[in-house]
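Novice: Chains as they are written, first to last, in this note's numbering: chain P, 1 to 488; chain C, 489 to 651.
Ideal Cβ placement from N, Cα and C applies to all residues, glycine included.
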Amino acid sequence: MKKAKREDEGNNSRISDLPKDILHRILYFLSQEDAVRTSVLSKSWRYVWCTRPNLDFSDNNFKGNKNNFLSIVDKTLQLYCDQNLCLEEFHLSISLTYHWDCTSVPFLDKWIPLLATMGVKKFRLSIVSNHGSRMTRNLPSVVYKAESLNLLRLERCNLVQYIPENIPFVRLQVLRLQTVSIEQQIFDKIISSCPLLTTMWFQECKGLTTIKLETKLHKHLKHFTFISNDRYIEEKRCIEIDIPTLETIRINGSKIRVNIRKFGNLKSLILKRVEIYNINSIELSDRLLIDDAPNMEYFYYSGLLIPSISSAPNCRESYLKLFIWDDDDSQSWFPRLSKLLHALRGSEISLNIFHHSVENMPYVQHEFIDGGGDNNKPVAMEHLRLSSDHVRSLVPLLNGLFCICRPRNVDPKWLEVGPEYKESERKELSEFWFEIQEMKESGSREIWQDDLEDLTIESFDSSRKIWQPFLVQATRLSEESAFFPDFG
Amino acid sequence: MAAETGTPTTLTLKSNDDELFSVAESAAILSVTIRNMVEDGCAGGVIPLDNVDGKTLASVITYMNGISAIPADEEKKKSYRDKFLSDKDFETLADMVLAANYLNMSCLMDAVSAKIAQVMEKKSVGWVRRKFGIENDYTPEEEAAVKEEHKWTFEGVETDDDN
């Protein structure tokens with residue numbers, strides 16, 4: 001340590017005194033622009049950047065002419081090659097445009113074999129095709145020769161052309177495909193050629209109908225994401241996952257049939273609008289078999305069916321978004337929900353219910369309520385949010401819900417928010433309040449009222465950020481309102 | 489080694505200004521330099537660390553204890569590192585990165601390097617010079633020549649009086 005020297009000179013140039021290895025490590029975390037610019041700092045900095053063992057080029061950051069970008073990448077790579085410098089990592093983010101293909105593809109054709117001869121260990125490549133919104137282009141075939149690929153991200157590319165017999169992606173860890181057209185066969189071939197994948201991300205992949213993942217092929221997979229928000233897609237997609245190393249699973253979209261087994265390391269499970277089915281039957285199932293998920297921290301589910309979970313996961317937070325729909329068995333709706341809440345009772349539960357049909361009202365069977373026992377005890381939970389078109393349906397819905405759960409906050413939303421709705425919102429809220437009062441006074445046989453000591457309605461004053469008691473006739477109601485049941 | 493005897497072993501580390509520190513072997517072997525000494529059987533008495541001063545060593549040991557108490561969870565380790573480095577000034581960071589390099593602790597080395605790099609990100613040359621007290625020893629002509637050579641890197645940088 002050059003402590004004495006440092007004290008003589010004050011703090012001047014402390015960073016410049018660091019050994020070159022350490023300076024390289026610091027520059028490692030900078031983009032190419034930032035790293036190269038350090039050459040202007042002082043004479044001792046002049047050549048630090050051009051021997052760092054990694055290069056990081058992105059034409060996103062590049063403000064000048066795109067052709068200039070290509071020639072700078074080319075010159076820099078050539079410099080490393082000619083001087084026999086060690087290049088461990090190469091990161092290239094490039095966009096292909098119509099006018100640009102003829103210049104950029106030949107460069108890729110040159111660079112990718114060059115990286116192999118230079119012994120690059122980690123090659124991260126992002127290709128985004130910008131041919132306008134609908135047009136896509138074929139992936140340059142040289143990409144299939146990139147042996148050192150560590151990350152491959154493709155956006156708006158076609159993967160439908162001929163692919164070589166052997167795909168050398170043995171080091172690929174991250175594969176992200178977004179808005180690509182891909183043939184099922186090619187997809188299967190690619191993922192079966194990448195044994196080290198830790199992260200898979202497939203978003204809006206046209207032509208991809210089946211994903212089947214098994215432990216024997218992907219021993220290292222930790223993160224899986226599948227997103228498909230295209231409502232007009234005709235074919236059904238199937239996803240089967242049987243990999244215990246997975247830590248996060250996120251599947252989002254319609255017409256996707258999902259079967260997941262083994263949750264040993266799973267921390268986060270997000271299923272949006274998916275259909276759950278059993279592997280051995282074509283029947284739709286409400287059974288989401290979460291058997292053993294000791295590490296689960298977050299569970300998100302939204303869908304038409306209430307999933308039934310076979311054993312209680314240990315998660316900290318659960319978020320459920322349930323839609324009551326016409327085909328629902330209205331008699332069993334509350335018992336099924338009750339079961340699910342019991343399975344998740346160890347976590348902080350938020351429940352969001354959408355109900356937009358008066359005809360199809362789930363109802364509470366009195367045998368169910370009176371049955372008692374631990375299995376029917378109301379479950380304590382954090383938030384209950386109700387979205388309903390009619391005040392008429394809100395009261396019986398709340399009735400049923402209070403039989404099975406004890407929310408700390410209830411947030412009913414039955415009208416669109418906006419100043420023009422203020423008046424009708426106030427009217428609806430008054431109606432709701434009267435209906436509750438009426439039920440209380442008539443001593444209607446609703447179990448939750450026995451537990452309820454007091455009920456107040458408060459409105460939120462968004463300008464003053466405070467909750468105020470809601471006076472039925474007099475108060476102007478602001479955008480949000482909620483009420484707090486106080487259970488004894 | 490501790491693993492063989494079943495009781496936790498404590499090591500004594502000595503800084504270059506002769507301060508002594510006790511640290512659990514299980515935490516200290518995060519340093520490959522110390523681990524090699526332990527494996528070679530040189531850790532019986534006091535381990536002298538000639539390139540680290542007491543103040544820095546105390547800080548490194550706090551880090552060793554903190555990070556080794558976290559089970560294998562990369563996210564939690566990362567947030568511990570972020571928090572640990574959040575209040576450190578550049579002088580301390582420079583001492584830490586030298587110590588981490590000497591002790592061969594790649595995780596600390598990377599975290600500190602990234603933290604220093606973060607300060608330089610998208611900043612003008614003048615700003616970085618002032619921040620780190622780097623003296624410009626170029627003549628104006630030389631500086632202009634270097635800038636011209638790498639003209640493309642000066643687009644879109646935060647502007648500065650002496651950029």
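So which residues on chain P does C/SER601 lean against when the C-beta distance must stay under 8 angstroms?
Specialist: Those within 8 angstroms of C/SER601 in chain P are ILE22, ARG25, ILE26, TYR28, PHE29.
Novice: Between P/SER93 and chain C, is the shortest Cβ-Cβ distance under 8 angstroms, so that the two count as touching?
Specialist: Chain C, which has no Cβ nearer than 8 angstroms to the Cβ of P/SER93, makes this no.
Novice: Helix, strand or coil: how does DSSP classify P/HIS218 here?
Specialist: Coil, per DSSP.
Novice: Out of P/LYS206, P/GLU317, P/PHE29, which has the shortest C-alpha to C-alpha gap to P/ASN158?
Specialist: Looking at the Cα atoms, P/LYS206 is the closest of the given residues.
Novice: Does the beta-carbon of P/SER338 have 16 or more other beta-carbons within 10 angstroms, so that it is buried, or is it exposed?
Specialist: Result: buried.
Novice: Taking all protein chains shown into account, do 16 or more other C-beta atoms lie within 10 angstroms of the C-beta of C/LEU573, making it buried, or fewer, making it exposed?
Specialist: Per the 10 Å Cβ criterion, buried.
Novice: Thinking C-beta only, is P/CYS50 closer than 8 angstroms to P/LEU27?
Specialist: No, the pair does not count as a contact, with Cβ atoms beyond the cut-off.
Novice: For P/GLY64, go through chain C and note every residue whose CB falls closer than 9 angstroms to its CB, in chain order.
Specialist: By Cβ distance, chain C contributes LYS639, TRP640, GLU643.
Novice: Closer than 7 angstroms, Cβ to any Cβ of chain P: which residues of the segment 605 to 626 of chain C, in chain order?
Specialist: Result list: ALA605, MET608, GLU609, LYS610, VAL613, VAL616, ARG617, PHE620, GLY621, ILE622, GLU623, ASN624, ASP625, TYR626.
Novice: Is it buried or exposed for P/PRO489, if we count other Cβ within 10 angstroms and need 16 for buried?
Specialist: There is simply no residue 489 of chain P to check, as chain P begins at 1 and stops at 488 in what is shown.
Novice: Kindly say whether P/VAL174, judged by its beta-carbon, lies nearer than 8 angstroms to any beta-carbon of chain C.
Specialist: For P/VAL174, the answer is no, since every Cβ of chain C falls outside 8 angstroms of its Cβ.
Novice: Per DSSP, which one or two residues make a beta bridge with P/THR248?
Specialist: P/HIS223, P/SER268, per the DSSP bridge assignment.
Novice: One question on the structure: do P/LEU489 and P/MET296 come within less than 8 angstroms of each other, judged by their Cβ atoms?
Specialist: In this structure chain P extends from 1 to 488, so residue 489 of chain P is not present and cannot be described.
Novice: Return yes when at least one heavy atom of the ligand ZN lies under 7 angstroms from the C-beta of P/PRO378, else no.
Specialist: Of the ligands one can find in the structure shown there are none, so the ligand ZN has no counterpart to examine.
Novice: Taking all protein chains shown into account, decide if P/PRO164 is buried (16 or more other Cβ within 10 angstroms of its Cβ) or exposed.
Specialist: The residue is exposed, with fewer than 16 neighbouring Cβ atoms inside 10 Å.
Novice: Any beta carbon from chain C within less than 8 angstroms of P/GLU204's own beta carbon?
Specialist: Closer than 8 angstroms: no.
Novice: Interface residues of chain P around C/ALA582 at Cβ under 8 angstroms?
Specialist: Correct list: ARG14, ILE15, LEU18.
Novice: Quick one: measure Cβ to Cβ for P/LEU92 and P/MET118, integer angstroms, because I've assumed they're closer than 8 angstroms.
Specialist: Contact flag wrong, Cβ pair sits at about 14 angstroms.
Novice: Nearest by alpha-carbon distance to P/PRO362: which of P/LYS465, P/CYS403, P/HIS223 is it?
Specialist: Checked all of P/LYS465, P/CYS403, P/HIS223; the closest Cα to P/PRO362 is P/CYS403.
Novice: Nearest by alpha-carbon distance to P/ASN252: which of P/GLU235, P/GLY303, P/ILE127, P/LEU139 is it?
Specialist: If we check each option's Cα against that of P/ASN252, P/GLY303 comes out closest.
Novice: With a CB to CB cut of under 6 angstroms and the five nearest residues on each side skipped, what residues in its chain are close to C/ARG569?
Specialist: Around C/ARG569: ALA599.
Novice: Drop a sphere of 10 angstroms on the beta-carbon of P/SER106, count the other beta-carbons inside from all chains shown, and report buried for 16 or more, exposed for fewer.
Specialist: A small correction: the amino acid at residue 106 of chain P is Pro; Ser does not occupy that position in the sequence shown. Classification for P/PRO106: exposed.
Novice: On the criterion of 16 or more Cβ atoms from any shown chain inside 10 Å, does P/ASP230 qualify as buried, or is it exposed?
Specialist: Classification for P/ASP230: exposed.
Novice: If we count the other Cβ atoms within 10 Å of its Cβ and call it buried at 16 or more, is P/ASP56 buried or exposed?
Specialist: Under this definition P/ASP56 is a buried residue.
Novice: Within a Cβ cutoff of 6 angstroms, which residues of the same chain sit near P/LEU271, ignoring the five residues on either side of it in sequence?
Specialist: Correct list, in chain order: ILE251, TYR301.
Novice: Using a Cβ-Cβ cut-off of 8 angstroms, state whether P/ILE249 counts as contacting chain C.
Specialist: Not one chain C Cβ lies under 8 angstroms of P/ILE249.
Novice: Between the C-alpha atoms of P/VAL170 and P/LEU154, what's the straight-line distance to the nearest angstrom?
Specialist: Going by the C-alpha atoms only, they are around 18 angstroms apart.
Novice: Could you confirm whether any beta carbon from chain C is found closer than 8 angstroms to the beta carbon of P/VAL40?
Specialist: At least one chain C Cβ lies under 8 angstroms of P/VAL40.
Novice: Check for me: the alpha helix (DSSP H) holding P/ASN150 runs from which residue to which?
Specialist: Counting along the chain, P/ASN150 falls outside any alpha helix (DSSP H), though it belongs to the beta strand (DSSP E) covering 149 to 155.
Novice: Can you tell me whether DSSP reads P/GLN184 as helix, strand or coil?
Specialist: In the structure shown, P/GLN184 sits in a helix (DSSP, three-state: H, G or I).
Novice: Counting only C-beta atoms, is C/VAL520 closer than 8 angstroms to chain P at any point?
Specialist: Closer than 8 angstroms: no.
Novice: Does any residue of chain P have a CB that is nearer than 8 angstroms to the CB of C/VAL548?
Specialist: No, C/VAL548 lies away from the interface with chain P (no Cβ there is under 8 angstroms from its Cβ).
Novice: Please report the residue range of the alpha helix (DSSP H) in which C/LYS502 lies.
Specialist: Where C/LYS502 is concerned, there is no enclosing alpha helix (DSSP H), although the beta strand (DSSP E) it sits in stretches over 498 to 502.
Novice: Would you say C/LYS635 lies against chain P (beta-carbon separation less than 8 angstroms)?
Specialist: Yes, C/LYS635 counts as interfacial toward chain P.
Novice: Using 10 angstroms around the beta-carbon of C/ARG618, count the other beta-carbons present and answer buried if the total reaches 16, otherwise exposed.
Specialist: C/ARG618 comes out exposed.
Novice: Just confirm the distance between the C-beta atoms of P/LEU386 and P/LEU394, as a whole number of angstroms; I'd bet it's less than 8 angstroms.
Specialist: Sure, about 6 angstroms apart at Cβ, within 8 angstroms.
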